[in-house]
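Q:
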Amino acid sequence: GAGVSQSPRYKVAKRGQDVALRCDPISGHVSLFWYQQALGQGPEFLTYFQNEAQLDKSGLPSDRFFAERPEGSVSTLKIQRTQQEDSAVYLCASSHLRNTEAFFGQGTRLTVV
Amino acid sequence: AQKVTQAQTEISVVEKEDVTLDCVYETRDTTYYLFWYKQPPSGELVFLIRRNSFDEQNEISGRYSWNFQKSTSSFNFTITASQVVDSAVYFCALSGEGSSNTGKLIFGQGTTLQVKP
Numbered sequence: 468g469a470g471v472s473q474s475p476r477y478k479v480a481k482r483g484q485d486v487a488l489r490c491d492p493i494s495g496h497v498s499l500f501w502y503q504q505a506l507g508q509g510p511e512f513l514t515y516f517q518n519e520a521q522l523d524k525s526g527l528p529s530d531r532f533f534a535e536r537p538e539g540s541v542s543t544l545k546i547q548r549t550q551q552e553d554s555a556v557y558l559c560a561s562s563h564l565r566n567t568e569a570f571f572g573q574g575t576r577l578t579v580v
Numbered sequence: 195a196q197k198v199t200q201a202q203t204e205i206s207v208v209e210k211e212d213v214t215l216d217c218v219y220e221t222r223d224t225t226y227y228l229f230w231y232k233q234p235p236s237g238e239l240v241f242l243i244r245r246n247s248f249d250e251q252n253e254i255s256g257r258y259s260w261n262f263q264k265s266t267s268s269f270n271f272t273i274t275a276s277q278v279v280d281s282a283v284y285f286c287a288l289s290g291e292g293s294s295n296t297g298k299l300i301f302g303q304g305t306t307l308q309v310k311p
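Protein chains in written order, with this note's numbering: chain A, 468 to 580; chain B, 195 to 311.
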């Protein structure tokens, strides 16, 4: 596809369940970002990949959050033992180079019940 | 530390009115980039503009215009003759060339714009 694709669009998880969120960036884009957007707030940075290397994970809120991009294209954000405070929209973005226009996916809305 | 402040939480205007969305930023970087994104109800963030810290020229694109003033650390966004389709949440964002040189965006809280017919 032409844009950033995220799946699933919606996910309901029971507290304590593990979830995996997928991001397909634009082909050829080197940079990939994950953001977390709570209701009524701006997106907050979680982690950054340059190709397959995770160069910045300073925004991950706890060690329950883990992200990977093993072949430098598709990325997966995994959340273990989900908690209610993890409920948010998770946005993926990709860009060709640093500090250039980032293209965002439509996000995955995670609801932990 | 880097920070973006959008003091206006919600703005409501009537169609054809002009509206300005305010953005104030803080950064210690000498080289940085400012962005505006639009988030319609579908949820996808749509890129509107990117401006680097060395380019203070104002920019106009159709009904949209941006006013960048380093002296006041502001990057305001004006929509002229607003339309119902402009209704969305608008985010101002900042990225810097400092120690965390990844291009990650620091977003403001967003301004919800409602344009009524």
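Built from N, CA and C at the ideal position, the CB exists for glycine as well.
What's the C-alpha gap between E552(A) and Q303(B)?
A: Position 85 of the first sequence, counted from the first residue, corresponds to residue 552(A). Position 109 of the second sequence, counted from the first residue, corresponds to residue 303(B). Computed Cα separation, rounded: 19 Å.
Q: Across which residues does DSSP place G282(B) in a beta bridge pair?
A: Counting from one through the second sequence, the residue named residue 282(B) turns up at place 88. A small correction: the amino acid at residue 282(B) is Ala; Gly does not occupy that position in the sequence shown. DSSP lists L307(B) as partners of A282(B).
Q: Cα-Cα, which of G290(B), K298(B), T272(B) and G297(B) is closest to V207(B)?
A: Taking the second sequence and counting its residues from 1, the one referred to as residue 207(B) is at position 13. It is T272(B).
Q: Can you give me the start and stop residues for the beta strand (DSSP E) that E535(A) sits inside?
A: Locating residue 535(A) in the first sequence gives position 68, counting from the first residue. That run of the beta strand (DSSP E) goes F532 to E535.
Q: In chain order, what residues of the same chain have a beta carbon less than 8 Å from the beta carbon of E538(A), not counting five sequence neighbours either side?
A: Counting from 1 along the first sequence, the entry for residue 538(A) is found at position 71. Correct list, in chain order: E519.
Q: Starting from A520(A), follow its DSSP beta bridges and name the residues at the other end.
A: Taking the first sequence and counting its residues from 1, the one referred to as residue 520(A) is at position 53. DSSP, once it has assigned bridges, lists Q517(A) as partnering A520(A).
Q: Within 7 Å: the Cβ of A555(A) and any heavy atom of the ligand GDP?
A: As for the ligand GDP, it is missing from this structure, which has no ligand bound.
Q: Inspect the beta-carbon positions of E238(B) and S267(B) and report whether they are closer than 8 Å.
A: Taking the first residue of the second sequence as 1, we reach residue 238(B) at position 44. Taking the first residue of the second sequence as 1, we reach residue 267(B) at position 73. No; because the gap between Cβ atoms is not below 8 Å, this pair is not in contact.
Q: Rounded C-beta distance between Y502(A) and L558(A)? I'm assuming under 8 Å.
A: Counted from its first residue, the first sequence places residue 502(A) at position 35. Counted from its first residue, the first sequence places residue 558(A) at position 91. Confirmed, Cβ separation roughly 4 Å.
Q: Using the rule of at least 16 other Cβ atoms within 10 Å of the residue's Cβ for burial, across every protein chain shown, is V278(B) buried or exposed?
A: In the second sequence, the residue the question calls residue 278(B) occupies position 84. V278(B) comes out exposed.
Q: For Q573(A), return the contacting residues in chain B, with the cut-off set at a CB-CB distance below 7 Å.
A: In the first sequence, the residue the question calls residue 573(A) occupies position 106. Result: S236, G237 and E238.
Q: Pick out whichever of E511(A), G572(A) and A505(A) has its Cα sitting closest to the Cα of S474(A).
A: Start at 1 with the first residue of the first sequence, and residue 474(A) comes out as number 7. Here the closest residue by C-alpha is G572(A).
Q: With 8 Å as the threshold, decide whether the Cβ of S472(A) is near any Cβ in chain B.
A: The residue you call residue 472(A) lines up with position 5 of the first sequence. Closer than 8 Å: no.
Q: Since S542(A) and E535(A) are thought to touch, with beta carbons under 8 Å apart, how far apart are those beta carbons, to the nearest angstrom?
A: Here residue 542(A) corresponds to residue number 75 of the first sequence, with the count starting at 1. Here residue 535(A) corresponds to residue number 68 of the first sequence, with the count starting at 1. With a Cβ gap of about 7 Å, S542(A) and E535(A) count as contacting.
Q: Taking a cut of 7 Å between CB atoms, which residues from the region 205–228 of chain B lie near chain A?
A: Those residues of the region 205–228 of chain B that come within reach of chain A (Cβ to Cβ, closer than 7 Å) are Y227.
Q: Going by DSSP, which residues form a beta bridge with E253(B)?
A: Within the second sequence, residue 253(B) is the residue found at index 59, counting from 1. The partner list for E253(B) (beta bridge, DSSP) reads W260(B).
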